[in-house]
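In this note's numbering, each residue's number is its place in the sequence shown (first place is 1) plus 317.
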Amino acid sequence: MPQSPGWLAAARNYWHEQAVLAVNGCIDPNLDALLTDDDRLALLRRLAQRIYSKLLQFGERMPRDFLNGLCDLPTESQYSQDVETEAFLKCGRALLKLLDGKMTAHEVA
Numbered sequence: 318m319p320q321s322p323g324w325l326a327a328a329r330n331y332w333h334e335q336a337v338l339a340v341n342g343c344i345d346p347n348l349d350a351l352l353t354d355d356d357r358l359a360l361l362r363r364l365a366q367r368i369y370s371k372l373l374q375f376g377e378r379m380p381r382d383f384l385n386g387l388c389d390l391p392t393e394s395q396y397s398q399d400v401e402t403e404a405f406l407k408c409g410r411a412l413l414k415l416l417d418g419k420m421t422a423h424e425v426a
């Protein structure tokens with residue numbers, strides 16, 4: 318697999334940091350600062366679609382062990398049971414809609 322462009326590697330690191338902060342509520346994905354041209358937008362759109370397709374393969378529920386393996390969360394913050402996949406699919410659909418220019422950042426998905 319080719320090495321990620323520098324901006325995408327920085328985005329991955331930023332998003333991972335946001336994921337493990339254990340904050341309650343929304344986080345800023347910083348898309349305005351990261352997606353500065355059409356090539357970047359197209360690449361992130363392709364990655365988001367690929368991940369969305371993989372989410373569909375989980376079926377109705379995502380295993381807690383898989384989810385807990387995504388981040389190094391403290392035990393008290395880990396998932397205690399499998400989670401309905403639809404919760405993640407809803408976020409994925411909203412992100413794809415946003416990346417396609419069909420939703421504003423402030424619109425409720």
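Beta carbons: idealized from backbone N, C-alpha and C, even for Gly.
Here the structure is a predicted model, which means the values were calculated and not measured.
In the three-state scheme derived from DSSP, where H, G and I count as helix and E and B as strand, Glu401 is classed as strand. In terms of Cα proximity to Leu412, the closest of Gln398, Leu384, Arg363, Gln320 is Arg363. Each of Pro391, Ala327, Leu373 was checked against the Cα of Gly409, and the nearest Cα belongs to Leu373. Here Leu358 is near Leu352, since their CB atoms are less than 7 Å apart. Rounded to whole angstroms, the separation of the alpha carbons of Ser397 and Pro380 is 10 Å.
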